[in-house]
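Numbering (the numbering used here), first residue to last: -1 to 357.
Here the structure comes first, spelled out in structure tokens, and everything after it is commentary.
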Amino acid sequence: MLSRRFAFFIAAFFVATSLSCSTDGTSSVASNASFPGEPAASLVTFTGRCDGSAAATIAAGGFLVTASDETDEATEENTLAVYDPRKGGAAVTVLALNDVLGMPKKGKRRMKEADLEAATVLDGRIFWIASHSLSKEGEERTARYQFFATTDKQSLQISGKPYHRLKQDLIADRALSPFLQSAATRKPEESGGWNIEGMTATTDGRILIAFRNPVVDGNALIVPLLNPEAVVDGREAAKFGAAIKLDLSGGGAKAGAELGIRDIAWWGERKRYVILAGSYLPGETAKAASRLLLWDGKHVPVGVKPSVDLSGLSTPEAVYIQPGNGKQILILSDDGSVDGCKDKLDSGRSFKGAWVTIP
């Protein structure tokens, strides 16, 4: 297991909401919000890895625990790390995951990346989810079939049992198969492909699973998981609610037609979800399309026009909400493509986070 002190604050926005339902029975949500632009964000550098692809809060001490969608260069170990969210620097604690996740082997070697993409706190546990996607080359990657929980203490421990059938359960759901059956066979960066990147708990004990891809009829896709605790406790297979389709265009369908969700997090102090939206495409395209939105969770069309300075981040990747802080959020960056970061040993790796004040 892994722990590290960590923290994140992101974005600025303001929301107005309204809802509509699509003819296929799913909830269709658009976002409309505007807020004043913010000065340059306060940057923090975290060392030992090239990105913070997922982040959550440890209950005591205000530490941030994060996952990376990469492995340790020397050991090929997937890990969780605990950081000080304000000071950054090296991880306070690290948890090794390969054995506890049952990472499959390919020949004599383990298949590398679990590709962990999102985390959320629910009832004293931190839930983690991987992309469940194919490789960039379109190859099956069962190592990415991960849904599990840890304790929310600095001495992280696995809680319950990792669940590896979430993708199969999603595809088998009759209401969801029209969106997901074809996507499951496509590359994550292909139009209509499959890539889970966001997840957040709701106040009523569900978990919202957010997709960067597929984008359905120009809308981002969210699927409610109704029984997350029973799933990781080994008592039930996954059960799902009706899909939610969110228009992230900010009022212009064309502008947001290809935007999926990079991350989503519940901001209790604001009683809003923070959504980090982005293109399903990689590289500069993804960075250019990144935007922040607030969503009240109601089935209402909402257009959003955020003006947040994220220029200090290579590729905005994850959102961290610090409990008790109603003004700031932390956005983490994927810096794997910066200065050959992923080719370096852990001692030479780093990624940035940006604290943003939201009026």
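The C-beta atom is built at its ideal place from N, Cα and C for all residues, glycine as well.
*If we ignore side chains and look at the alpha-carbon of each, how far apart do residue 371 and residue 174 end up?*
Residue 371 lies beyond the range of the chain shown here (-1 to 357); nothing can be said about it.
*Exposed unless 16 or more other CB atoms sit within 10 angstroms - verdict on residue 142*: Counted from its first residue, the sequence shown places residue 142 at position 144. Result: buried.
*asked:* Among the candidates 42, 119, 227, 181, whose CA atom is the shortest distance from the CA of residue 82?
replied: What you label residue 82 is simply residue 84 of the sequence shown in a count that begins at 1. Out of 42, 119, 227, 181, 42 has the C-alpha closest to the C-alpha of residue 82.
*CA-to-CA distance, residue 307 to residue 232, given in whole angstroms*: As a working note, residue 232 is residue 234 in the sequence shown. As a working note, residue 307 is residue 309 in the sequence shown. Roughly 43 Å between the two C-alpha positions.
*Between which two residues does the beta strand (DSSP E) harbouring residue 314 extend?*
Here residue 314 refers to the residue found at position 316 when the sequence shown is read from its first residue. 314 to 318 is the span of the beta strand (DSSP E), which, as asked, contains residue 314.
*May I ask you to verify whether the segment 229 to 248 touches the segment 84 to 101, counting CB pairs closer than 8 Å and requiring at least 3?*
no
*Are the segment 223 to 231 and the segment 170 to 189 touching by the rule of at least three beta carbon pairs closer than 8 Å?*
The segment 223 to 231 makes no contact with the segment 170 to 189: fewer than 3 CB pairs, one atom from each, lie closer than 8 Å.
*Entirely enclosed beta strand (DSSP E) segments - the segment 228 to 278, minimum 3 residues*: 242 to 245, 257 to 265, 270 to 277
*Whole angstroms is fine: what's the gap from residue 438's alpha carbon to residue 152's?*
Coverage of the chain is limited to positions -1 through 357, which leaves residue 438 absent and any answer about it impossible.
*So, residue 262 versus residue 210, is the Cβ gap smaller than 8 Å?*
Counting from one through the sequence shown, the residue named residue 262 turns up at place 264. Counting from one through the sequence shown, the residue named residue 210 turns up at place 212. In this structure, residue 210 does not lie closer than 8 Å to residue 262 by Cβ.
*Can residue 62 and residue 271 be called in contact, C-beta distance under 8 Å?*
On the sequence shown, residue 62 is found 64 positions in, with the first residue counted as 1. On the sequence shown, residue 271 is found 273 positions in, with the first residue counted as 1. It is not a contact, given that the beta carbons lie outside the stated cut-off.
*Proximity winner among 57, 202, 79, relative to residue 49 (alpha-carbon distances)*: One-based indexing of the sequence shown puts residue 49 at position 51. When each option's Cα is compared against that of residue 49, the closest is 79.
*Answer with buried or exposed for residue 46, where buried requires no fewer than 16 other C-beta atoms within 10 angstroms of its C-beta.*
The residue given as residue 46 occupies position 48 in the sequence shown. Its Cβ being crowded by 16 or more others within 10 Å, residue 46 is buried.
*Along the alpha helix (DSSP H) that carries residue 165, what are the first and last residues, could you check?*
Numbered from its first residue, the sequence shown carries residue 165 at position 167. Here the alpha helix (DSSP H) through residue 165 covers 164 to 170.
*Take residue 371 as the anchor and find which of 326, 199, 320, 312 has the nearest alpha-carbon.*
The structure shown has nothing for residue 371, since the chain only spans -1 to 357.
*Helix or strand or just coil, what does DSSP make of residue 304?*
Counting from 1 along the sequence shown, the entry for residue 304 is found at position 306. With a pLDDT of 49 at residue 304, under the threshold of 50, the modelled position of this residue cannot be trusted; read the value that follows with caution. The answer is coil: DSSP assigns residue 304 none of H, G, I, E or B.
*Report the rounded CA-to-CA distance for residue 273 versus residue 328, giving the unit in angstroms.*
For the purposes of this step, residue 273 is identified with residue 275 of the sequence shown, where counting begins at 1. For the purposes of this step, residue 328 is identified with residue 330 of the sequence shown, where counting begins at 1. Each residue's Cα considered, the two are about 12 Å apart.
*Which residues share a DSSP beta bridge with residue 326?*
Mapped onto the sequence shown, residue 326 falls at position 328. BP columns for residue 326 point to 355.
*Select from 295, 256, 265, 266 the residue whose C-alpha is nearest the C-alpha of residue 276.*
As a position in the sequence shown, residue 276 is number 278, starting the count at 1. When each option's Cα is compared against that of residue 276, the closest is 256.
_I need the boundaries of the beta strand (DSSP E) containing residue 186, first residue and last residue._
If you number the sequence shown from 1, residue 186 lands on position 188. That residue, residue 186, is in no beta strand (DSSP E); it is neither H nor E in DSSP.
*Of the listed residues 154, 180, 191, 145, nearest to residue 164 (C-alpha basis)*: For this step, residue 164 is matched to residue 166 along the sequence shown. For the residues 154, 180, 191, 145, the minimum Cα distance to residue 164 belongs to 145.
*CB contact flag (residue 293, residue 326, <8 Å)*: Start at 1 with the first residue of the sequence shown, and residue 293 comes out as number 295. Start at 1 with the first residue of the sequence shown, and residue 326 comes out as number 328. Result no, Cβ atoms of residue 293 and residue 326 do not sit closer than 8 Å.
*From the DSSP output, read off the bridge partner residues of residue 63.*
The count along the sequence shown starts at 1 and reaches residue 63 at position 65. According to DSSP, which records beta bridges pairwise, residue 63 is partnered with 54, 80.
*Cβ-based neighbour list, residue 351, same chain, cut-off 6 Å, excluding 5 preceding and 5 following*: Taking the sequence shown and counting its residues from 1, the one referred to as residue 351 is at position 353. Cβ within range, chain order: 6, 42, 328, 330.
_For residue 116 and residue 208, I'd like the C-alpha separation in whole angstroms._
On the sequence shown, position 118 is the one that residue 116 refers to. On the sequence shown, position 210 is the one that residue 208 refers to. Roughly 9 Å between the two C-alpha positions.
*Cutoff 7 Å; reference residue 346; Cβ partners in own chain excluding five residues on either side*: As a first step, residue 346 is located in the sequence shown; it is residue number 348 there, counting from the start. No residues qualify anywhere along the chain.
*What is the DSSP secondary structure of residue 140, reduced to helix, strand or coil?*
Taking the sequence shown and counting its residues from 1, the one referred to as residue 140 is at position 142. Residue 140: helix per DSSP, three-state reduction.
_Cβ-Cβ distance between residue 193 and residue 131 below 8 Å_ = Your numbering for residue 193 matches position 195 in the sequence shown. Your numbering for residue 131 matches position 133 in the sequence shown. Yes.
*Counting only the same chain and skipping the five closest in sequence on each side, list residues whose C-beta sits under 6 Å from that of residue 421.*
Past the boundaries of the shown model lies residue 421; the chain is included only from -1 to 357, so the question cannot be answered.
*asked:* In whole angstroms, give me the CA-to-CA distance for residue 290 and residue 218.
replied: On the sequence shown, residue 290 is found 292 positions in, with the first residue counted as 1. On the sequence shown, residue 218 is found 220 positions in, with the first residue counted as 1. One Cα belongs to residue 290, the other to residue 218, and the distance between them is close to 14 Å.
*Measure from the alpha carbon of residue 236 to the alpha carbon of each residue in 160, 190, 189, then state which is nearest.*
The residue you call residue 236 lines up with position 238 of the sequence shown. Checked all of 160, 190, 189; the closest Cα to residue 236 is 160.
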